[in-house]
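Engineer:
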Amino acid sequence: MEDTTELAPAVRSILSTARERASEGRSGRVEVDPRDLRAAFDRAEADGRVPVIAEVKPTSPTTDGTREDDPVALAEEMVAGGAAALSVLTEPVHFGGSVETLVRVREAVDVPVLRKDFVVAESQLDAVESDVVLLIARFVGDELSDLLAAARDRGFQVLVEVHDREELAAAVDAGATIIGVNNRDLAKLAVDLETFESVAPHVPDDATLIAESGIGSPEDARRMRAAGADALLVGSAIMDGDVEANARELTRAENEAEAEAETGAEAEAENEADAEKPT
Ligand SMILES: O=C(O)c1ccccc1NCC(=O)[C@H](O)[C@H](O)COP(=O)(O)O
Numbered sequence: 001m002e003d004t005t006e007l008a009p010a011v012r013s014i015l016s017t018a019r020e021r022a023s024e025g026r027s028g029r030v031e032v033d034p035r036d037l038r039a040a041f042d043r044a045e046a047d048g049r050v051p052v053i054a055e056v057k058p059t060s061p062t063t064d065g066t067r068e069d070d071p072v073a074l075a076e077e078m079v080a081g082g083a084a085a086l087s088v089l090t091e092p093v094h095f096g097g098s099v100e101t102l103v104r105v106r107e108a109v110d111v112p113v114l115r116k117d118f119v120v121a122e123s124q125l126d127a128v129e130s131d132v133v134l135l136i137a138r139f140v141g142d143e144l145s146d147l148l149a150a151a152r153d154r155g156f157q158v159l160v161e162v163h164d165r166e167e168l169a170a171a172v173d174a175g176a177t178i179i180g181v182n183n184r185d186l187a188k189l190a191v192d193l194e195t196f197e198s199v200a201p202h203v204p205d206d207a208t209l210i211a212e213s214g215i216g217s218p219e220d221a222r223r224m225r226a227a228g229a230d231a232l233l234v235g236s237a238i239m240d241g242d243v244e245a246n247a248r249e250l251t252r253a254e255n256e257a258e259a260e261a262e263t264g265a266e267a268e269a270e271n272e273a274d275a276e277k278p279t
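Per full-length UniProt numbering, the sequence shown starts with residue 1, numbered consecutively.
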């Protein structure tokens with residue numbers, strides 16, 4: 001396990017709560033028949049949508065207040081807005097999530113669902129079925145390889161989250177094939193999209209690469225895609241306001257770019273034609 005003294009107090013609290021919850025797994029081992037995450041991204045691409053994992057995130061240490069709407073309704077709106085997959089927080093104390101919410105959401109939608117939690121022990125994997133589970137390289141340290149194997153044995157696809165090149169090397173050594181680069185620094189909770197841009201070039205080409213956190217606009221989405229993201233994980237920017245419209249704006253970010261490029265080209269052609277007209 002990593003030394004946690006450098007982490008933000010909220011994150012230290014999240015981790016100590018996670019360790020207390022580690023023994024609370026339901027009795028018995030889960031066996032998952034997962035919905036394929038990569039196939040969901042491919043379907044979105046084929047349909048002209050940016051592959052987005054939209055996150056049901058009622059609150060967080062960096063969010064003001066709590067969104068009280070029914071998470072299932074929010075999840076359905078995200079899918080209606082074009083989300084290729086969903087992420088559901090199951091951490092109760094700091095994010096307002098629950099395993100019950102994840103079960104209800106997964107029953108209601110047909111896209112893959114990521115369980116977003118702070119898994120630090122194998123027993124936590126048995127808390128609930130999901131299509132994908134998250135392992136955060138920084139938090140699981142030397143246990144990454146064993147936890148990855150334990151999750152895969154249960155049928156889960158595994159998103160391994162990293163924040164720098166050292167953690168990326170550990171993830172690749174452990175055999176991670178779905179890699180998320182988190183733009184949020186868990187030591188300071190500050191978000192910087194340059195994090196993804198600096199780590200992405202070192203991710204093996206055959207990995208599925210996800211840009212996580214701090215993506216707040218279609219421009220940010222295009223920026224992360226230009227830096228190599230196969231998909232984007234977005235919470236706050238979708239949860240803030242009309243979630244269907246917010247999801248649609250991000251999943252259509254590249255259509256808008258095309259439209260803008262076309263508009264720009266048309267304007268340029270008109271300018272050229274005007275310039276050629278006799279005065
Ligand atoms: O979001 C937080 O405030 C947070 C604080 C401490 C640890 C983790 C935190 N977030 C977890 C996440 O993974 C994000 O919810 C996810 O990447 C989406 O981020 P965003 O789009 O910036 O909401």
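Virtual Cβ for every residue (Gly too), placed ideally from N, Cα, C.
Can you check DSSP and say which residues form a bridge with E212?
Structural biologist: Along the sequence shown, read from residue 1 onward, the residue named residue 212 stands at position 212. Beta-bridge pairing links E212 to N182 and L233.
Engineer: So within the region 129–190, which uninterrupted beta strand (DSSP E) runs reach at least 3 residues, ignoring any that extend past its ends?
Structural biologist: Here the runs fully enclosed are 132–136, 157–162 and 178–182.
Engineer: Does any heavy atom of ligand 3 sit closer than 8 Å to the C-beta of P9?
Structural biologist: Ligands in the displayed structure: ligand 1; ligand 3 is not one of them.
Engineer: A75 by DSSP, collapsed to three states: which one?
Structural biologist: Taking the first residue of the sequence shown as 1, we reach residue 75 at position 75. Here A75 sits in helix by DSSP.
Engineer: Taking just the CA atoms, how far does V120 sit from F139?
Structural biologist: Residue mapping note: residue 139 aligns to position 139 of the sequence shown, counting from 1. Residue mapping note: residue 120 aligns to position 120 of the sequence shown, counting from 1. So the alpha carbons of these two residues sit roughly 7 Å apart.
Engineer: Does the Cβ of N271 have 16 or more other Cβ atoms within 10 Å, making it buried, or fewer, making it exposed?
Structural biologist: To locate residue 271, count along the sequence shown from 1; it is residue 271. N271 is exposed by the Cβ-count criterion.
Engineer: Could you tell me whether any non-hydrogen atom of ligand 1 is closer than 8 Å to the CB of A221?
Structural biologist: To locate residue 221, count along the sequence shown from 1; it is residue 221. A221: no, Cβ never under 8 Å from ligand 1.
Engineer: At a cut-off of 8 Å, would you count K116 as near ligand 1, judging by its Cβ distance to the nearest heavy atom?
Structural biologist: Position 116 of the sequence shown, counting from 1, holds the residue named residue 116. Yes - ligand 1 has a heavy atom lying nearer than 8 Å to the Cβ of K116.
Engineer: Got a sec? Which residues, its chain only, sit under 6 Å from A174 by beta carbon, not counting five neighbours each side?
Structural biologist: Here residue 174 refers to the residue found at position 174 when the sequence shown is read from its first residue. For A174, where only same-chain residues beyond five positions count, the Cβ hits under 6 Å are L144, S145 and L148.
Engineer: Between the Cα of I238 and those of E20, V32 and E55, spot the shortest distance and give me the residue it belongs to.
Structural biologist: For the purposes of this step, residue 238 is identified with residue 238 of the sequence shown, where counting begins at 1. I238 has its Cα closest to that of E55, out of E20, V32 and E55.
Engineer: Thinking C-beta only, is E31 closer than 9 Å to G155?
Structural biologist: The count along the sequence shown starts at 1 and reaches residue 155 at position 155. The count along the sequence shown starts at 1 and reaches residue 31 at position 31. Contact: yes.
Engineer: Classify P71 as buried or exposed, calling it buried when 16 or more other Cβ atoms lie within 10 Å of its own Cβ.
Structural biologist: What you label residue 71 is simply residue 71 of the sequence shown in a count that begins at 1. Buried, because 16 or more other Cβ atoms sit within 10 Å of the Cβ of P71.
Engineer: Considering only C-alpha positions, which residue in the set A46, Q124, A108 and L186 is nearest to G214?
Structural biologist: Position 214 of the sequence shown, counted from the start, is the residue given in the question as residue 214. Comparing Cα positions, the closest option is L186.
Engineer: So does H163 have its beta carbon nearer than 8 Å to some heavy atom of ligand 1?
Structural biologist: For this step, residue 163 is matched to residue 163 along the sequence shown. Because no heavy atom of ligand 1 lies under 8 Å away, the Cβ of H163 does not count as near it: no.
Engineer: With distance defined between alpha-carbon atoms, name the residue in L114, S130 and V128 nearest to E161.
Structural biologist: Looking up residue 161 in the sequence shown gives position 161. Here the closest residue by C-alpha is L114.
Engineer: Put R252 into one of helix, strand or coil per three-state DSSP.
Structural biologist: The count along the sequence shown starts at 1 and reaches residue 252 at position 252. Reduced to three states, the DSSP call for R252 is coil.
Engineer: Looking at the structure shown, is E68 part of a helix, part of a strand, or coil, going by DSSP?
Structural biologist: Here residue 68 corresponds to residue number 68 of the sequence shown, with the count starting at 1. Correct three-state label for E68: coil.
Engineer: Using a Cβ distance threshold of 8 Å, determine whether the region 71–85 contacts the region 188–204, with at least three qualifying pairs required.
Structural biologist: No, they do not touch.
Engineer: Taking A247 and V52 to be in contact with their CB atoms under 8 Å, please state how far apart those CB atoms are, rounded to whole angstroms.
Structural biologist: Here residue 247 refers to the residue found at position 247 of the sequence shown. Here residue 52 refers to the residue found at position 52 of the sequence shown. The Cβ separation is near 7 Å, so the contact holds.
Engineer: Pick out whichever of L159, A275, D36 and D64 has its Cα sitting closest to the Cα of G96.
Structural biologist: If you number the sequence shown from 1, residue 96 lands on position 96. When only C-alpha atoms are compared, the closest one is D64.
Engineer: Less than 9 Å between the beta carbons of V111 and A84, yes or no?
Structural biologist: Sequence index remark: in the sequence shown, residue 111 carries index 111 (1-based). Sequence index remark: in the sequence shown, residue 84 carries index 84 (1-based). Yes, they are a contact pair.
Engineer: If you follow the beta strand (DSSP E) that A54 is part of, which residue opens it and which one closes it?
Structural biologist: On the sequence shown, position 54 is the one that residue 54 refers to. First-last of the beta strand (DSSP E) with A54: V52 to V56.
Engineer: Is L250 near A231, with beta carbons less than 9 Å apart?
Structural biologist: Counting from 1 along the sequence shown, the entry for residue 250 is found at position 250. Counting from 1 along the sequence shown, the entry for residue 231 is found at position 231. Not in contact: L250 and A231 (Cβ atoms no closer than 9 Å).
Engineer: Would L159 and V203 qualify as a contact pair, given that the criterion is a beta-carbon distance under 9 Å?
Structural biologist: Taking the sequence shown and counting its residues from 1, one reaches residue 159 at position 159. Taking the sequence shown and counting its residues from 1, one reaches residue 203 at position 203. Contact: no.
Engineer: Tell me whether A171 is buried or exposed, calling it buried when 16 or more other Cβ atoms sit within 10 Å of its Cβ.
Structural biologist: For the purposes of this step, residue 171 is identified with residue 171 of the sequence shown, where counting begins at 1. The residue in question, A171, is buried, as its Cβ has 16 or more Cβ neighbours within 10 Å.
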